[in-house]
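Chemist: Residue numbers (the working numbering), protein chains in the order written: chain A, 1 to 412; chain B, 1 to 412. Using N, Cα and C, we set each Cβ at its ideal position, and we do this for glycine too. This structure is a prediction, so every number in the text was calculated from the model and none was measured.
Protein chains: 2
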Amino acid sequence: MNELKGACIIGQSGGPTSVINASAYGVIDTALKSGAITQVLGAEHGIKGVLNDRLFDMGLEDPEELRLMKYTPSSALGSCRYKIADPAKDDTDYKRILEVFKKHNVRYFFYNGGNDSMDTCNKINTYMQSVGYECRVMGVPKTIDNDLFGTDHCPGFGSAAKYIATSCMEVSKDATVYDTPQITVIEIMGRHAGWLAGAAALATAAGAGPDLVYLPETDFSMDRFFDDVAKIWSSKNKVLIAVSEGIHYADGTFVSEAKTSATDGFGHAQLGGLAVRLAEELKNRFNTKVRGIELSLLQRCGAHLASATDLAEAELAGRAAVEAAVAGKTDCMVAFRCERSGGRYSCQTKLLSLSEVANYEKKVPMDWINPAHNGVTQDFIDYALPLIQGEPERIVENSLPRYAKLKKELAK
Amino acid sequence: MNELKGACIIGQSGGPTSVINASAYGVIDTALKSGAITQVLGAEHGIKGVLNDRLFDMGLEDPEELRLMKYTPSSALGSCRYKIADPAKDDTDYKRILEVFKKHNVRYFFYNGGNDSMDTCNKINTYMQSVGYECRVMGVPKTIDNDLFGTDHCPGFGSAAKYIATSCMEVSKDATVYDTPQITVIEIMGRHAGWLAGAAALATAAGAGPDLVYLPETDFSMDRFFDDVAKIWSSKNKVLIAVSEGIHYADGTFVSEAKTSATDGFGHAQLGGLAVRLAEELKNRFNTKVRGIELSLLQRCGAHLASATDLAEAELAGRAAVEAAVAGKTDCMVAFRCERSGGRYSCQTKLLSLSEVANYEKKVPMDWINPAHNGVTQDFIDYALPLIQGEPERIVENSLPRYAKLKKELAK
């Protein structure tokens, strides 16, 4: 295979995570040191930055500031939620991408994102091949939702899981401090897959966590929910509940969107998230003090609680993408192959074809959810626990995070 | 002064904090080592534990588990919100307290709490003196609200402030990641005093924080709020706002409770907190994506982000209370006298008479709030920044917090 010389682009897409910048750093640092790659360009707001020819020359950045990207949450280059068209129907975007690629002699495209981003990669690769423009396209996985197909897990999940488990432990301590009754509901991200909600059970395994955990893999029933809570309630007067934002009734309606008795009786939707809604239902049912807590954005950007394992693997995924592309691979996503045996965990990268990965969603296996559908099994705990391990270096100034300061000079 | 020999009680009261157990540990450890104190009793759920004669023998605990209390958030002994009667009107509780004190030969009472707890201490001290029962009563301050009178600051505030500032920095990174417009509202605790909301400005001072901060010390006006946001909005399409839960209109009505246009038009109160309400108002006004985030219990129990300064001072306050009581003091609260000059910070304990302290609320000085009433001044930053400094030891097991496990054996 001849060495392919040219510039590379790194773009970030979709919802941010605590470690997405560690992957970008892995790409950037490896690319800057690669003889094949002539210039490293950071796309502003993902593929939109390519379309707008807003590309930062990452070689002009201070190396120490680049290194600080590892400890900076959210997407340092900016993100987007841009669904690219099917090239067979509308190739406008692709023509423009080709034009920008040619202008900067871009021969490597690295895209750091979730399902949709892998689809974008796949389509760009197909188009570039169809027009005979030599270019290698690699997906670098990222999603707190942990729902990418074919990989043991996704960078971003471990840190979010650790944030969730730690926060559930802390809330558990707080919510049980009085001798008066209280029911607390914690709402966790994950619209279609329950990996993050399941992570709340790590807190319970550690001795201070939710009594009940509801995942979107099973159908939710308000009556069964009341029964579950009543059982705990009868033995202790404090109940802590974790729910995925994506829990839904058997007919597919999200509980967060359904008309419940908490609506005003005139069919007006109420403000407030799922946690507040469920708390209100429980208040009416159990006539007790309730509290609904939504972990909201905090769970995906809580970099101060990142998992060192997750951080290292995120960087590794970025580096592996560049190495594979320079070695001749294209149309692939970096994935993880892991072993967990006898309390030992190891993780290696592998490559998956983008077409295999794109647009599938990996859910929590049904046999990792307990028969009562209100918790996870030990298999889930054994799977997730290695992913949250290790405390990363904390870079602080005045005891507050010191984030990367990038110059972001546009490439001409 | 003759040495007063006898048992001591330590009780915890009011809302928990990240470091209230560090104060309790300071009391317990110092008391266990004191020759004057014959037994150290932990009251279950504060004064309620005294009334119910539910007192744990802290001398039976494993010393290492006691030490772990320093890193365990929320009140390890259990808390209460019990307002004790005026003894002139109803002395039932006091007679019972005296009975329990006599039963265990309690000669020292340490109460770890906020304003109401200092009032409780004061009343118990007065009663014991009136009936001629020799007993020394000391208040150990605790409140994230930082509103106790006569002390530079309160243990618990620094850690909550650090949690708030760090979380605001992380949310700031997350909420500005897309090139699409977004307004984000973060709701922070503090019903009457704006110390905690002001701490959000530490994030801004560190380079990634709210554009606007609203404290309950000033009257809130929805029109002025819209104007403030519009000004930011005209220069950038992302606005981050921090509000105290206690913001109120000029007539004293809390914004969180007032009927706004977000009510359903039939006068029904809506679910959801202040952040969600304000976000909805802004959505209607600016026709943009909004998000309301309530830091909720997380901000007061986020021990993993505790300030080492706060933690050490909380323990110091507990130790100072015991030392002063053994030396003969009573009817006092431990307070802090601090110096901040030339970038150096120092903190010493002092004693305040409980009657001076009880039931006053210390608010943010008006000249620390900016003239537009939408932010704080550098004086506030200079005051608060030293209080969040330092990263405490983190005791983890499987990378999750390892909290104190107390046996809690009842004293007979």
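#1: Within 10 angstroms of its Cβ, does A:A200 collect 16 or more other Cβ (buried), or is it exposed?
#2: Look up A:F380 in the DSSP assignment and say whether it is helix, strand or coil.
#3: Under 8 Å: do the stretch 25-38 of chain A and the stretch 61-80 of chain A share three or more Cβ pairs, one atom per stretch?
#4: Residues of chain B with CB under 8 Å from A:I293, in chain order?
#5: What does DSSP give as the partner residues of B:D56 in its beta bridges?
#6: Assuming A:V19 contacts A:P155 under a Cβ cut-off of 8 Å, what Cβ separation, rounded to an integer in Å, is found between them?
#7: Using the DSSP secondary-structure output, state which residues sit across from A:L400 in a beta bridge.
#8: Cα-Cα, which of B:R402, B:I144, B:Q12, B:D382 is closest to B:A205?
#9: Using DSSP bridges, identify the partner residues of A:Y111.
#10: Measure the alpha-carbon distance for A:Y127 versus A:Y94 and round it to whole angstroms.
#11: State the start and end residues of the unbroken beta strand (DSSP E) segment that holds B:R340.
#12: Mind listing which residues of the stretch 192-222 of chain A have their C-beta closer than 8 Å to chain B's C-betas, in chain order?
#13: Please report the Cβ distance between A:Y345 and A:P386, rounded to the nearest whole angstrom; I am assuming they are in contact, meaning their Cβ atoms lie under 8 Å.
#14: Could you give the distance in angstroms between the alpha-carbon of B:Y25 and the alpha-carbon of B:P87?
#15: Can you tell me the Cα-Cα spacing of B:G252 and B:N105, whole angstroms?
#16: Among B:D91, B:H192, B:L202, which has the Cα closest to the Cα of B:E217?
#17: Mind checking B:Y423: buried by the 16 CB within 10 Å criterion, or exposed?
#18: Are at least three pairs of beta-carbons, each pair with one atom in the stretch 97-113 of chain B and one in the stretch 275-285 of chain B, less than 8 Å apart?
#19: Buried or exposed: A:G265, going by 16 or more other Cβ atoms within 10 Å of its Cβ?
#20: Count the other CB atoms within 10 Å of the CB of B:P371; is the residue buried (16 or more) or exposed (fewer)?
#21: Which residue's Cα is closest to the Cα of A:F418: A:L51, A:V364, A:A7?
#22: Here's the rule: buried if 16 or more other CB atoms are within 10 angstroms of the residue's CB, otherwise exposed. What is B:R291?
#23: Which whole-angstrom value describes the C-beta separation of B:K142 and A:D179, a residue pair presumed to lie in contact below a C-beta threshold of 8 Å?
#24: With DSSP collapsed to three states, give me the class of A:D119.
#25: Would you please state the rounded distance, in angstroms, between the beta carbons of B:G190 and B:E257? I believe it to be under 8 Å.
#26: Apply the 10 Å Cβ neighbour rule to A:D228 and answer buried if 16 or more other Cβ atoms are within range, or exposed otherwise.
#27: Would you list the one or two residues that DSSP bridges to B:V106?
#28: Does the stretch 324-334 of chain B touch the stretch 350-359 of chain B, meaning 3 or more C-beta pairs lie closer than 8 Å?
#29: Using a Cβ cut-off of 9 Å, which residues of the stretch 8-25 of chain A contact any Cβ in chain B, in chain order?
#30: Give the residues of chain A in contact with B:D174, contact being defined as C-beta atoms less than 8 Å apart.
#31: Among all the DSSP beta bridges, which residues are the ones paired with B:F254?
#32: Below 9 Å between beta carbons is the criterion; list the residues of the stretch 343-371 of chain B that meet it against any residue of chain A, in chain order.
#33: Would B:S117 pass as a contact of B:S13 if the rule is Cβ separation under 7 Å?
#34: Under 7 Å between the Cβ atoms of B:M138 and B:A325?
#35: Beta carbon of B:P210, beta carbon of B:A161: below 7 Å?
#36: Could you name the residues of chain B that A:C80 contacts, counting a contact when the two beta carbons are closer than 8 Å?
Modeler: Looking at the atomic coordinates:
#1: Residue 200 of chain A sits at position 200 when you count from the first residue of the first sequence. Buried, because 16 or more other Cβ atoms sit within 10 Å of the Cβ of A:A200.
#2: Working through the first sequence from its first residue, we reach residue 380 of chain A at position 380. Reduced to three states, the DSSP call for A:F380 is helix.
#3: Enough Cβ pairs lie closer than 8 Å, so yes.
#4: Within the first sequence, residue 293 of chain A is the residue found at index 293, counting from 1. Within 8 Å Cβ-Cβ: E294, S296, L297, L298.
#5: Here residue 56 of chain B corresponds to residue number 56 of the second sequence, with the count starting at 1. In the sequence on display, residue 56 of chain B carries Phe and not Asp. BP columns for B:F56 point to B:G42, B:L410.
#6: For the purposes of this step, residue 19 of chain A is identified with residue 19 of the first sequence, where counting begins at 1. For the purposes of this step, residue 155 of chain A is identified with residue 155 of the first sequence, where counting begins at 1. That belief holds up - the Cβ atoms of A:V19 and A:P155 are roughly 6 Å apart, short of 8 Å.
#7: Position 400 of the first sequence, counting from 1, holds the residue named residue 400 of chain A. According to DSSP, A:L400 bridges with A:E397.
#8: Stepping through the second sequence from its first residue, residue 205 of chain B is reached at position 205. Answer by Cα proximity: B:D382.
#9: Locating residue 111 of chain A in the first sequence gives position 111, counting from the first residue. Looking at the DSSP assignment, A:Y111 forms a beta bridge with A:G11, A:G139.
#10: By 1-based counting over the first sequence, the position of residue 127 of chain A is 127. By 1-based counting over the first sequence, the position of residue 94 of chain A is 94. Looking at the two C-alpha atoms, the distance is approximately 7 Å.
#11: What you label residue 340 of chain B is simply residue 340 of the second sequence in a count that begins at 1. Its beta strand (DSSP E) spans residues 332-341.
#12: Of all residues in the stretch 192-222 of chain A, L202, A203, A206, G207, A208 have a Cβ within less than 8 Å of some Cβ in chain B.
#13: Counting from 1 along the first sequence, the entry for residue 345 of chain A is found at position 345. Counting from 1 along the first sequence, the entry for residue 386 of chain A is found at position 386. Taking C-beta atoms under 8 Å as the contact rule, A:Y345 and A:P386 qualify, at a distance of about 4 Å.
#14: Locating residue 25 of chain B in the second sequence gives position 25, where the first residue counts as 1. Locating residue 87 of chain B in the second sequence gives position 87, where the first residue counts as 1. Rounded to whole angstroms, B:Y25 to B:P87 spans 30 Å at the Cα level.
#15: Counting from 1 along the second sequence, the entry for residue 252 of chain B is found at position 252. Counting from 1 along the second sequence, the entry for residue 105 of chain B is found at position 105. Between the C-alpha atoms of B:G252 and B:N105 there is a straight-line separation of about 48 Å.
#16: If you number the second sequence from 1, residue 217 of chain B lands on position 217. Answer by Cα proximity: B:H192.
#17: Because residue 423 of chain B is not part of the residues shown, which for chain B are 1 to 412, the question remains open.
#18: The stretch 97-113 of chain B, when compared against the stretch 275-285 of chain B, does not touch it at the 8 Å Cβ threshold.
#19: On the first sequence, position 265 is the one that residue 265 of chain A refers to. Low per-residue confidence applies at A:G265: pLDDT is 42, beneath 50, and the placement is therefore not dependable, though the value from the model is reported in the following sentence. Counting every other CB atom within 10 Å of its CB across the protein chains shown gives A:G265 a total below 16, marking it as exposed.
#20: Taking the second sequence and counting its residues from 1, the one referred to as residue 371 of chain B is at position 371. With a 10 Å radius around the Cβ and a threshold of 16 neighbouring Cβ atoms, B:P371 comes out exposed.
#21: Residue 418 of chain A cannot be examined here, being either before or after the span of chain A that is shown, 1 to 412.
#22: Position 291 of the second sequence, counted from the first residue, corresponds to residue 291 of chain B. It counts as buried.
#23: To locate residue 142 of chain B, count along the second sequence from 1; it is residue 142. To locate residue 179 of chain A, count along the first sequence from 1; it is residue 179. A:D179 and B:K142 do not touch by the CB rule: their CB atoms are close to 18 Å apart, not below 8 Å.
#24: As a first step, residue 119 of chain A must be located in the first sequence, where it is residue number 119. The three-state secondary structure of A:D119, taken from DSSP, is helix.
#25: Translated into the one-based positions of the second sequence, residue 190 of chain B becomes position 190. Translated into the one-based positions of the second sequence, residue 257 of chain B becomes position 257. Actually they do not touch by this definition, with Cβ atoms about 16 Å apart.
#26: Locating residue 228 of chain A in the first sequence gives position 228, counting from the first residue. A:D228 should be labelled buried.
#27: Here residue 106 of chain B is taken as the residue at index 106 of the second sequence, counted from 1. In the DSSP output, where bridge partners are listed per residue, B:V106 has B:A7.
#28: Result yes; three or more Cβ-Cβ pairs closer than 8 Å.
#29: Those residues of the stretch 8-25 of chain A that come within reach of chain B (Cβ to Cβ, closer than 9 Å) are Q12, G15, P16, S18.
#30: On the second sequence, position 174 is the one that residue 174 of chain B refers to. Within chain A, P16, P73, S74, L297, R300, C301 have C-beta atoms less than 8 Å from the C-beta of B:D174, given in sequence order.
#31: Numbered from 1 along the second sequence, position 254 holds the residue referred to as residue 254 of chain B. Bridge pairing for B:F254: B:H248 [DSSP].
#32: Flagged: no residues at all.
#33: Your numbering for residue 117 of chain B matches position 117 in the second sequence. Your numbering for residue 13 of chain B matches position 13 in the second sequence. Yes; because the gap between Cβ atoms is below 7 Å, this pair is in contact.
#34: Within the second sequence, residue 138 of chain B is the residue found at index 138, counting from 1. Within the second sequence, residue 325 of chain B is the residue found at index 325, counting from 1. Going by beta carbons, B:M138 and B:A325 fall inside the 7 Å limit.
#35: If you number the second sequence from 1, residue 210 of chain B lands on position 210. If you number the second sequence from 1, residue 161 of chain B lands on position 161. No, they are not a contact pair.
#36: Here residue 80 of chain A refers to the residue found at position 80 when the first sequence is read from its first residue. Here the neighbours are Y178, D179.
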